[in-house]
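Okay, so the sequence shown: first residue is 621 according to the working numbering, each after it adds one. Yeah, the Cβ is synthetic: ideal placement off N, Cα and C, and Gly gets one too. First the structure, in the form of structure tokens, and then the observations on it.
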Amino acid sequence: MLLAIWAHTFGKGFGGGAFAIFFLSGFIGFGVGDLALYQTLPRLGPRLTILMVHCLAAPLAAITEWLWLGTWLSSAEIVSGLIILAGVGVALAPGEHQHIAPKALARGIALGLVAALGQGLGAVVTRKAYGLVKLNGQSIDGGTAAYQRILGGLIFSALPALWLMKRDRPPAADSVVGAEIGSQRRSLWLWVLVNSLTGPTLGVGCYQWALENNPSGVVLPVVATTPIVVIPFAYWFEGDRPGARSLVGGIVAVAGAIALALSRVG
């Protein structure tokens, strides 16, 4: 909703010269990719899911963009990206055996691959869309591009989401319990608003802006550090003290991100 208001008030709305390509990018990334991601989570758990998706999406995107768009990464960019992903792997790798049933593991890996492909290919299609925008002599801001992408994802994911909501709808509560639930929901609206501003609006808008000016093989390794950036916030809000391995992995990933930024400046 916030992105729609931005796009149709300050941005280009459905314009920009590449709406269909941005829409396709969202269909692949937000639609197919995110739906597969949410199906992977209950099978592999959050750590393995995030580790698998983020660490596979970046190289898949880099290879696809090289084959399709001819975008080359320098040796420094490749090494820096690998350092980032290695740090993320160290920080997120489970400390003990997960005891996942073989059937659930196989399905989780398959769905995780689909999620990684969705995220990686969605980023590359976005790069193609920006190329088309420039070819047409136009411009588009990150917020409008994010809005056009999200529309593609909504078309794909709306029907499954509505079906799941109907299936999992809780039974009607009595008036007392209903009043308590209503009070709790009202208290959560502030956090919902903050989340909407930081994630789907500012976060996705900046992600699109980054893809406009940088290869997907550069952007996605940086995006993969998201779980590490969350560590201090988890400690602040929930008292979740990070372990030594998480801190070491975070330091390695940040060092890789700094090296990547310096390689782009050079």
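{"Check": "How many Å lie between residue 627 and residue 772 at the Cα?", "Outcome": "15 Å"}
{"Check": "Indicate the three-state DSSP secondary structure (helix, strand or coil) for residue 866 in the structure shown.", "Outcome": "helix"}
{"Check": "Closest to residue 668 by CA distance: which of 705, 732 and 695 is it?", "Outcome": "732"}
{"Check": "Would you decide whether residue 758 is buried or exposed? Buried here means 16 or more other CB atoms lie within 10 Å of its CB.", "Outcome": "exposed"}
{"Check": "Rounded to a whole number of angstroms, what is the C-alpha to C-alpha distance between residue 714 and residue 748?", "Outcome": "36 Å"}
{"Check": "Alpha carbon to alpha carbon, how far is residue 647 from residue 848?", "Outcome": "27 Å"}
{"Check": "Using 8 Å as the Cβ pair cut-off and three pairs as the minimum, do the stretch 854 to 862 and the stretch 691 to 706 touch?", "Outcome": "no"}
{"Check": "Tell me which residue opens and which closes the alpha helix (DSSP H) that residue 654 is part of.", "Outcome": "654 to 689"}
{"Check": "Is it the case that the stretch 734 to 749 contacts the stretch 872 to 881, given that we only count it when at least three CB pairs across the two stretches are under 8 Å?", "Outcome": "no"}
{"Check": "Using 8 Å as the limit for Cβ to Cβ distance, is residue 875 near chain C?", "Outcome": "Of the protein chains in this structure there is only one, and it is not chain C."}
{"Check": "Would you call the stretch 624 to 644 in contact with the stretch 704 to 713, where contact means no fewer than 3 C-beta pairs closer than 8 Å?", "Outcome": "no"}
{"Check": "Out of 831, 882 and 684, which has the shortest C-alpha to C-alpha gap to residue 760?", "Outcome": "831"}
{"Check": "So the candidates are 829, 744, 650 and 642; which of them puts its Cα closest to the Cα of residue 686?", "Outcome": "744"}
{"Check": "Thinking C-beta only, is residue 828 closer than 8 Å to residue 639?", "Outcome": "no"}
{"Check": "What are the boundary residues of the alpha helix (DSSP H) that residue 727 is part of?", "Outcome": "722 to 755"}
{"Check": "Please check the pair residue 840 and residue 740, which I expect to be a contact at CB under 8 Å, by giving their CB distance rounded to whole angstroms.", "Outcome": "7 Å"}
{"Check": "Compute the Euclidean distance between the alpha carbons of residue 777 and residue 651, then round it to the nearest angstrom.", "Outcome": "5 Å"}
{"Check": "Pull up the CB-CB distance for residue 838 and residue 697, whole angstroms please, since I reckon it's below 8 Å.", "Outcome": "6 Å"}
{"Check": "Among 867, 673 and 684, whose alpha-carbon lies nearest the alpha-carbon of residue 729?", "Outcome": "673"}
{"Check": "Would you please state the rounded distance, in angstroms, between the beta carbons of residue 681 and residue 836? I believe it to be under 8 Å.", "Outcome": "4 Å"}
{"Check": "Where do the ends of the alpha helix (DSSP H) carrying residue 853 lie?", "Outcome": "846 to 858"}
{"Check": "How would you call residue 641, buried or exposed, if buried means at least 16 neighbouring beta carbons within 10 angstroms?", "Outcome": "buried"}
{"Check": "Go ahead and label residue 857 buried or exposed: buried means 16 or more other beta carbons lie within 10 angstroms of its beta carbon, across all protein chains shown.", "Outcome": "exposed"}
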